[in-house]
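Protein chains in written order, with our numbering: chain G, 4 to 334; chain U, 4 to 334; chain C, 4 to 334; chain L, 4 to 334. For every residue, glycine included, the Cβ atom is placed at its ideal position computed from N, Cα and C. Take a look at the structure set out below.
Number of protein chains: 4
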Amino acid sequence: MNQRLRVGVVGAGAMGASHVGTLAAGVPAAQVTRVFDLDTARAKDVASAAGGEAAESADALIADPEVDAIVIASPDFTHADLAIAAIEAGKHVMCEKPLAVTADDARRVVDAEVAAGRRFVQVGFNRRFDPGFQDLKSSIIDGSLGEVRVLHGIHRNASNATSTDDAGLVTGSMIHEFDTFRWLLDGEIIGIRVESPVTEGFRDPQVATLWTDGGQMITAEVFVNAGYGYDVRVEVVGTGGSASLEPRTPVIRRISGQGGSAIGSDFVAHFIESYRLELAAWADAALRGDVVGASAWDGYVANLVAGAGVAALGSGARETVDVPERPELYG
Amino acid sequence: MNQRLRVGVVGAGAMGASHVGTLAAGVPAAQVTRVFDLDTARAKDVASAAGGEAAESADALIADPEVDAIVIASPDFTHADLAIAAIEAGKHVMCEKPLAVTADDARRVVDAEVAAGRRFVQVGFNRRFDPGFQDLKSSIIDGSLGEVRVLHGIHRNASNATSTDDAGLVTGSMIHEFDTFRWLLDGEIIGIRVESPVTEGFRDPQVATLWTDGGQMITAEVFVNAGYGYDVRVEVVGTGGSASLEPRTPVIRRISGQGGSAIGSDFVAHFIESYRLELAAWADAALRGDVVGASAWDGYVANLVAGAGVAALGSGARETVDVPERPELYG
Amino acid sequence: MNQRLRVGVVGAGAMGASHVGTLAAGVPAAQVTRVFDLDTARAKDVASAAGGEAAESADALIADPEVDAIVIASPDFTHADLAIAAIEAGKHVMCEKPLAVTADDARRVVDAEVAAGRRFVQVGFNRRFDPGFQDLKSSIIDGSLGEVRVLHGIHRNASNATSTDDAGLVTGSMIHEFDTFRWLLDGEIIGIRVESPVTEGFRDPQVATLWTDGGQMITAEVFVNAGYGYDVRVEVVGTGGSASLEPRTPVIRRISGQGGSAIGSDFVAHFIESYRLELAAWADAALRGDVVGASAWDGYVANLVAGAGVAALGSGARETVDVPERPELYG
Amino acid sequence: MNQRLRVGVVGAGAMGASHVGTLAAGVPAAQVTRVFDLDTARAKDVASAAGGEAAESADALIADPEVDAIVIASPDFTHADLAIAAIEAGKHVMCEKPLAVTADDARRVVDAEVAAGRRFVQVGFNRRFDPGFQDLKSSIIDGSLGEVRVLHGIHRNASNATSTDDAGLVTGSMIHEFDTFRWLLDGEIIGIRVESPVTEGFRDPQVATLWTDGGQMITAEVFVNAGYGYDVRVEVVGTGGSASLEPRTPVIRRISGQGGSAIGSDFVAHFIESYRLELAAWADAALRGDVVGASAWDGYVANLVAGAGVAALGSGARETVDVPERPELYG
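Right under this line is the structure:
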């Protein structure tokens, strides 16, 4: 039979447990062998359901000879150090977004890869693997929209337990938009402004304006307590037309004077197929020594933009995003 | 039979001729008796198709005893003086937007009404009469959206022969959004910023950010050479949900691997029913000595916002909109 | 000023009163001068709101010199005799559907026109004037669907106070579909079968299968107590594609895990613009001595199909529709 | 590591190769060990891409100790005998639809299972595993539609290389609808009529009418050369509302006066996720000795309905579907 990538998963919370389940039920190229979580009972449950075992610590998991590659789904502040440890152990990594809490920490991951002379890290910007987002990108690439001038992003949660302060909304939620726009446009964000109609307490929603090195302007609304459901949309507008990602569940109900479709509130369910494709692509690439998807560099730049966004939220002004020279490793 | 409002129309261009046709074919309460245009042959043709006659001049039309009320559809720079002349003649006016090119000129119309001690002027912000926009407003009023936080407006033309310079896009096209937002929210715009991804030549599209006295932020994209068609959309987002005006023609064609509906390029055709309802409401009100729809004050404030918008386009900064105290006449 | 058609309206029920209101508020070419209803107080109210007077009887209304043309909106069983009386008086008629309760009665109207040597009657198949249905028809005419093979019709009411028995559903509701299909396809229905999943009590919904002389098959579901709202859809399927009339109200609400739009229950509101265009086209034509829209012949054939449909509902078999030779008058 | 089901695949055509690829890339519980096809080079290619080997014959594959379970994706006429051979070998089967070409052949499979005293066969009615169809079914089960009265099915291919004669359209394409309706309604089809507007040559499209033991009527249009794309829709109409499966790709393009989304022509791509879920559910069940999805009995009844449908296409009449007593084995 074919070789399978033996995967250790650090973090068995909602995202980590979902990844373990997805690997076990939908990614034949991978096999979950170890799971670590501070909640050891939970780690054991999640691991055994997938045919693996709990690890004693994250370090032990990374060092374990039964682990070829690591999925990092632990709290954000642990990401960078875990990724660096994995790099130093010469093991492939799929690190949940964000790569780090600060750009400086993310830079340390980049530097570790540069020092190692090769790449190991894929950052979990899963939208890059979503068929809808890929179709949207193809509308740009195939030229049918002409020259792209403006993008509009919407990112709403019914409610959000993790993005609960002003900066966290930028670094934890809006960071998806930063990577999405860079990837869709194959360009760099050079300026950002973040504002909110809410001036007291938690500033939610936030409205960002972004500028790219390709001459586009972008508006992005992120509203993590929008109440009605999980809703992610992007419209790309060019001189030749517009393409708009507007997913809709396939069943239309007509009842009591209303016709429409369900809007879920669970982002994991919404993007479940993208997670599977992301993990499958990661495992396939790792087995052949390759890295696909968002790189550590992409993760670092997303953190740079987020840092400028947080500064902008404070200054009320447009902040410049200064992206250093890209190391050759990220060609 | 019932009394009919005898209407004189100044300007027989595309908009004026459309209004004459709409009055003749769809507004029984009105009767077009006089039409004036510098192109006298055109004035005669348009008038006679509606059973009326050409007038010798705008002044003569306003003074004509066969004219009870005036529709102003001549070039923008003539609006204010014509409206003032009509007010002084004690005749009702339906003045196409904008009420004036500058806020100062619009203020003169307001002052003329205040001096006259009564209102005569309806400004042609036709969206207020569009069933879709009214339905959108009802979503706000009925409370189902909770507290409104953000609005997003889209206003695209396939191409535009009249909004052809940076300021003109604001004062001629985006001015519709200014009135729409004020009317939807029953509030005042207190700040505006206007930017464009295009930095050389005609800065189209433009992206505006607006702030209201009700604590909302608004993004508005106006793109007058969007190529694909005429497209006007508004989304209103509150703490309880979102309502989005997204008109669609009723026939879905599925041909050659594509399923969808037609998007027209003619704004008059798109909003034709709103024009009829606007003119009908104006004629009904005029017959009973009343004024409905957007007032001269609304027209003036829209000009104030547009003026600040043009300044913002130059300064690159957020400009404050200073709305003076509202005269009692506008209650 | 232009000449106006002086209209007498027989029947001031929901449909009649709506027509009076539409003529008064939206059809400048017409003027309601007389209204008759057995409920004389209602007739007076409806008439005076439009600037007209109540008539003493239907006969008096038809004979009245202040009446140039007649709208028949009285109970169905009165339609044929009233239409014939109007023809004999040489006055134009807009007769609500159906033209008659039976094909024999409808034939008497046709014969009266033939005897008069000219046409006076338009039958109120309003869908022919609906912009959506016209757009659907244009998809057939322009050839983009290739050769049409199949149509599917849906016609649902939330509840229905008038179509309350098996035959009445066919003759009162489904008759709209019969005319729609003939008009869309510019063809003749040659066979019909009507069945229902409900075998006891009121057989609602009913599912009809129809055959045309153009080689098409049609399915039509009519469900007059469908509960959720008023819903009329038609899909036309050809060898080159499909066109589907699927009207949707323009505002999308996203609230509480559902996204969708309102579905009304009032067929008059749903088709209000088609009624106005129908009455306007009728008045314009009458003023120039012409007749447009569905003819008495079309009304008669619709009754023929309905008669075969009622027979089919009883026989359980496909019934042939035998359309006699068309008199020259109907070209 | 977890046990994996070792799968042998008979038939490496489009469907078989797709299943091999899906198993290899998306079903960790299974492992393709053997592939047989008359085209041995193709079998070898398909097998080796998945890490398996070509088998010498279907019999050898079924007998192979490295094969725990069999996927049958060979030509329809081979299905029944292969399924019986697998049953006799005591191995699980996922047999592509139809289970057999005739009901008699399908009955032999049922009889083989009954003789074996246990079930081995899942029939590849993949729609049962499609999230959209499952959502549609939940609308029926949760009672929100009230009592279901009518269903409407649409099944169109751009073009079809396999359903190329009148009977083949029923037994090869429409058979999907038969299973879908039975499964959605948890009921039995008791009558069927199949007609076509096309009377010469290949009778495509066909329009079926079906009756269920739950008192529902169903219309189903199957058009295997519809030109524009692959389109499968079902509407379920009850006394409380309607639920309609209307999948739409998530990106809306607005270009050149048209707004809409892409319609593919590849049924495998359209339903690819349902195939993966079907195969995964099959493998999981087989590993625990269970059978899920459509049973051999369901496959047999679908063939019975198809047989009645073919008879109806010839007779022009409604044909009764006589379903024998269900063996206890099928609960």
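- Listed along chain G is no residue with a C-beta nearer than 8 Å to that of Y303 of chain C; the closest approach is about 35 Å.
- When the five nearest sequence neighbours on each side are left out, the beta carbons in the same chain lying within less than 6 Å of the beta carbon of S277 of chain C are those of N129, F132, D133, in order along the chain.
- Using a Cβ-Cβ cut-off of 9 Å, D234 of chain U counts as an interface residue toward chain L, since at least one Cβ of chain L sits closer than that to its own.
- Closer than 9 Å to the CB of I255 of chain L there is at least one CB belonging to chain U.
- The bridge partners DSSP lists for H158 of chain U are U:V225, U:V235.
- Residues of chain G with a Cβ closer than 8 Å to the Cβ of E276 of chain L are, in chain order, E276.
- Between the alpha carbons of D108 of chain L and V124 of chain L lies a gap of roughly 14 Å.
- Distance between V271 of chain G and L213 of chain L, taken at the CA atoms: about 40 Å.
- Counting only residues of its own chain and dropping the five nearest sequence neighbours on each side, T25 of chain C has a CB closer than 8 Å to the CB of I275, Y278, R279, L282.
- Listed by position along chain C, the residues whose Cβ is nearer than 8 Å to that of A272 of chain G form an empty set, because the closest Cβ is around 12 Å away.
- In the DSSP assignment, V210 of chain G is bridged to G:E198, G:E224.
- Listed in chain order, the positions of the region 130–143 of chain G with a beta carbon within less than 9 Å of a beta carbon of chain C would be empty, since no residue qualifies.
- DSSP places T36 of chain L inside the beta strand (DSSP E), whose first and last residues are 33–39.
- Annotation note: the region 119–192 of chain L contains the following uninterrupted alpha helix (DSSP H) runs of length 4 or greater, listed N- to C-terminal: 134–144, 178–188.
- A229, G230, Y231, G232, D234: these are the residues of the region 208–241 of chain G whose beta carbon lies less than 9 Å from some beta carbon of chain C, given in chain order.
- If you compare the alpha carbons of G:V237, G:R9, G:V12 with that of R159 of chain G, the shortest gap goes to G:V237.
- In the displayed model, T215 of chain C falls within a strand according to three-state DSSP.
- Leaving aside the five residues that flank A89 of chain G on each side, the residues in its chain whose CB is nearer than 7 Å to its CB run, in chain order, I65, I73, V96, F123.
- Here the alpha carbon of S247 of chain C sits roughly 15 Å from the alpha carbon of E224 of chain L.
- Beta-bridge annotation (DSSP): R256 of chain G is paired with G:G263, L:A246.
- The three-state secondary structure of T81 of chain G, taken from DSSP, is helix.
- Bridge partners of T323 of chain C according to DSSP: C:G194.
- For the region 50–72 of chain U, the beta-carbon criterion of a distance under 7 Å to any beta-carbon of chain C is satisfied by G54.
- Across the structure, V173 of chain C and Q209 of chain L are spaced so that their CA atoms are roughly 25 Å apart.
- With respect to G175 of chain U, D269 of chain U sits apart: the two C-beta atoms are not nearer than 9 Å.
- 9 Å or more divides the Cβ of V117 of chain G from the Cβ of L307 of chain G.
- Check the Cα spacing between G190 of chain U and each of U:R321, U:S51, U:P31, U:V304: the tightest is with U:V304.
- When rounded, the separation of the alpha-carbon atoms in E150 of chain C and R206 of chain C is 34 Å.
- Less than 9 Å divides the Cβ of V239 of chain U from the Cβ of S142 of chain U.
- Along the region 42–103 of chain U, the alpha helix (DSSP H) occurs as fully enclosed runs of 4 or more residues at 43–52, 61–66, 82–91, listed in sequence order.
- Take the alpha-carbon of A50 of chain U and the one of D168 of chain C: they are about 53 Å apart.
- Across the structure, A314 of chain U and E203 of chain G are spaced so that their CA atoms are roughly 29 Å apart.
- Within the region 194–207 of chain U, no residue places its CB atom closer than 9 Å to a CB of chain C.
- G244 of chain C is not a Cβ neighbour of R251 of chain U, given a cutoff of 9 Å.
- Taking C-beta atoms as the reference points, F39 of chain L and A57 of chain L count as a pair closer than 9 Å.
- Cα atoms of D62 of chain G and W285 of chain G: separation of roughly 22 Å, rounded to the nearest angstrom.
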